[in-house]
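At position 152 of the sequence shown the residue is numbered 189 (the working numbering), and the sequence of numbers has no breaks.
Glycine included, each C-beta is placed from N, C-alpha and C at the ideal position.
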Amino acid sequence: MNIYSKQIATFLNGAINKTKLILLHGPEDAIVYANLHMVLEKLQQIYPEAEITKLSYSEIKEHPVHLIDEMRTNSLFASQKILIVEDCSSSCNKELQKVLQGKISVEMLIMVAGDLAKSSTLRQTVEKLETGMSIACYKPDVAQLQQHIRSTLNKLGVKTETGVVEVLANIMPPNPMLIDNELEKVCLYKNNEPITIADLAVVYENASELSLDDLCLAIIKRDPKNMVRALARIEYHDLNFMLIIRTILNFSLKLITVKEKMNKGVTAATAVAQLQPQVFFKQRDNLALAAKTWDSAQAYELMNKIVELELRCKSISLPPALMLKEELMVLGGADST
Numbered sequence: 038m039n040i041y042s043k044q045i046a047t048f049l050n051g052a053i054n055k056t057k058l059i060l061l062h063g064p065e066d067a068i069v070y071a072n073l074h075m076v077l078e079k080l081q082q083i084y085p086e087a088e089i090t091k092l093s094y095s096e097i098k099e100h101p102v103h104l105i106d107e108m109r110t111n112s113l114f115a116s117q118k119i120l121i122v123e124d125c126s127s128s129c130n131k132e133l134q135k136v137l138q139g140k141i142s143v144e145m146l147i148m149v150a151g152d153l154a155k156s157s158t159l160r161q162t163v164e165k166l167e168t169g170m171s172i173a174c175y176k177p178d179v180a181q182l183q184q185h186i187r188s189t190l191n192k193l194g195v196k197t198e199t200g201v202v203e204v205l206a207n208i209m210p211p212n213p214m215l216i217d218n219e220l221e222k223v224c225l226y227k228n229n230e231p232i233t234i235a236d237l238a239v240v241y242e243n244a245s246e247l248s249l250d251d252l253c254l255a256i257i258k259r260d261p262k263n264m265v266r267a268l269a270r271i272e273y274h275d276l277n278f279m280l281i282i283r284t285i286l287n288f289s290l291k292l293i294t295v296k297e298k299m300n301k302g303v304t305a306a307t308a309v310a311q312l313q314p315q316v317f318f319k320q321r322d323n324l325a326l327a328a329k330t331w332d333s334a335q336a337y338e339l340m341n342k343i344v345e346l347e348l349r350c351k352s353i354s355l356p357p358a359l360m361l362k363e364e365l366m367v368l369g370g371a372d373s374t
């Protein structure tokens with residue numbers, strides 16, 4: 038079976054449950070991986086305990102038995118498994134075809150490739166499988182994106198200034214499902230008030246530093262709503278999520294230092310002022326507030342959680358943004374879903 042990426046929402050809400058092998062392919066890596074992101078988000082909902090393992094196509098093409106072994110091998114840490122095979126080429130030899138046509142004994146096998154012609158033996162093999170789905174990932178044209186954005190905003194009951202839809206169509210990811218997610222974040226930022234071009238400039242251009250401070254403040258207050266709002270602004274600024282994790286980690290380390298000074302009889306304000314290098318503005322106020330409302334054990338707990346999160350981001354093939362949001366929702370005492 039085969040579909041285009043514009044049909045992926047329908048696939049994720051239905052046929053994915055009968056699918057064991059997904060082939061994502063297209064001429065632009067960014068578009069292909071945006072769709073991979075959505076597939077993994079859906080699979081995480083279906084198989085929340087699944088371990089994700091990446092394989093090299095060149096290796097399994099040369100030694101198909103390695104794919105069989107990987108499917109048969111039980112994980113030490115999870116009872117479910119998702120395999121991702123990257124950098125797939127157009128051709129697929131008969132030995133590998135036999136493996137793909139046999140029993141896929143993991144929750145999902147995902148193959149990621151560049152642009153594949155209809156004559157591609159890999160594409161033909163997947164499309165002929167009852168449990169296979171080939172997804173051609175292409176960027177929709179700007180007119181289609183504008184129409185989708187207008188329709189979504191109308192459903193949300195949100196009005197816009199003239200020109201906003203055109204700007205959004207040029208700066209948002211070229212995928213309807215991702216656009217819907219992004220529009221929800223804009224509406225959250227605006228609290229469903231009319232959106233102006235000036236608002237977009239603020240969200241996209243001035244978000245990073247202020248939003249990192251806002252995120253730290255929301256963590257201190259264990260405020261899920263403002264955590265989500267700060268993360269939305271950060272995502273719009275396209276800030277690397279490993280940098281966000283490191284920022285939270287550095288904040289927790291400074292908080293631990295402040296608490297140690299306070300345990301020796303120094304006031305919170307003095308302890309913050311003595312930090313080297315010095316901190317200023319919102320971070321100074323946030324540290325002083327945290328020092329008064331958090332104990333040392335809570336500060337160490339935050340540090341440990343963020344260290345563990347960074348390690349998971351490096352070892353698990355799930356979007357760091359999703360993992361960070363889930364961890365923050367736990368810290369805030371809210372359900373991430």
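Notebook entry, point to check: Do you know how far the Cα of Leu153 is from the Cα of Ile53?
Noted result: 21 Å
Next item on the list: Might you give, ordered along the chain, the residues of its own chain that have their beta carbon closer than 6 Å to the beta carbon of Lys57, omitting 5 neighbours on each side?
Entry: Sequence-distant partners of Lys57 (beyond 5 residues in either direction) whose C-beta falls short of 6 Å from its own C-beta, in its chain, are Ile141, Thr168.
Checklist line | Local Cβ density within 10 Å of Leu361, reported as buried at 16 or more and exposed below that | finding: buried
Item checked: Limits of the alpha helix (DSSP H) - the one that Tyr84 falls within -> Where Tyr84 is concerned, there is no enclosing alpha helix (DSSP H), given that its DSSP letter is neither H nor E.
Notebook entry, point to check: How is Cys224 classed by DSSP in three states: helix, strand or coil?
Noted result: helix
Next item on the list: Give the straight-line distance between the Cα atoms of Leu130 and Leu346, rounded to the nearest whole angstrom.
Entry: Residue 130 is actually Asn in this sequence, not Leu. Their backbone Cα atoms lie some 39 Å apart in a straight line.
Note to self: With three or more C-beta pairs closer than 8 Å as the rule, is the segment 90-103 touching the segment 198-205?
What the structure shows: no
Margin query: At the level of alpha carbons, what is the spacing between Ile234 and Thr197?
Written below: Those two C-alpha atoms are separated by around 9 Å.
Margin query: I believe Leu97 touches Val76 by the beta-carbon criterion, under 8 Å. Please report the beta-carbon distance rounded to the nearest angstrom.
Written below: Correcting the residue identity first, residue 97 is Ile in this sequence and not Leu. Incorrect: roughly 20 Å between the Cβ atoms, too far for contact.
Checklist line | Residues of its chain near Ala150, where Cβ-Cβ distance is below 6 Å and the 5 sequence neighbours each way are ignored | finding: Correct list, in chain order: His62, Cys125.
Margin query: Is the separation between the beta-carbon of Ala267 and that of Ala255 shorter than 8 Å?
Written below: yes
Item checked: Candidates Val344, Leu326, Gln311, of which the one nearest Ile281 by Cα -> Val344
Notebook entry, point to check: Beta-carbon separation of Lys291 and Leu324 under 8 Å?
Noted result: yes
Check: Are Val136 and Leu104 close, meaning C-beta to C-beta below 8 Å?
Finding: It is a contact, given that the beta carbons lie within the stated cut-off.
Checklist line | Span of the alpha helix (DSSP H), counted from its first residue to its last, around Glu364 | finding: 357-368
Item checked: Where Lys131 sits in the DSSP three-state scheme -> Looking at Lys131 - three-state DSSP - the assignment turns out to be helix.
Margin query: In this structure, how does DSSP classify Gly51 when only helix, strand and coil are distinguished?
Written below: coil
Notebook entry, point to check: To which residues of the same chain is Leu339 closer than 6 Å at the C-beta, ignoring the five residues directly before and after it?
Noted result: Ser289
Margin query: Between Lys296, Leu80, Asp66, which has its C-alpha nearest Gly51's C-alpha?
Written below: Leu80
Next item on the list: For my contact list, Leu166 and Gln184 are in at a C-beta cut-off of 8 Å; report their separation, rounded to the angstrom.
Entry: Between Leu166 and Gln184 a beta carbon distance of about 34 Å is seen, past the 8 Å cut, so the two are scored as non-contacting.
Notebook entry, point to check: Does DSSP put Leu146 in a helix, in a strand, or in coil?
Noted result: Reduced to three states, the DSSP call for Leu146 is strand.
Notebook entry, point to check: Is Cys125 helix, strand or coil when you go by DSSP?
Noted result: strand
Next item on the list: Pull up the distance between the alpha-carbon of Gln335 and that of Arg259, whole angstroms please.
Entry: One C-alpha to the other measures close to 12 Å.
Check: Which residue comes first and which comes last in the beta strand (DSSP E) that contains Ala173?
Finding: Residues 169-173.
Notebook entry, point to check: Can you name the start and end residues of the beta strand (DSSP E) that Ile59 belongs to?
Noted result: Start and end: 58-62.
Margin query: On the CB-based measure, 16 or more other CB atoms within 10 Å of its CB, does Val102 come out buried or exposed?
Written below: It counts as exposed.
Next item on the list: Identify whether Ser116 lies in helix, strand or coil by the three-state DSSP scheme.
Entry: coil
Item checked: Of the residues Val367, Val265, Asn263, Ile257, the one placed nearest Trp331, counting alpha carbons only -> Ile257
Next item on the list: Can you tell me the Cβ-Cβ gap for Glu107 and Leu120, rounded? I've got them flagged as a contact below 8 Å.
Entry: Going by Cβ atoms, the distance from Glu107 to Leu120 rounds to 6 Å, so yes, they are a contact pair.
Notebook entry, point to check: Can you check whether the CB of Lys176 is closer than 8 Å to the CB of Glu78?
Noted result: no
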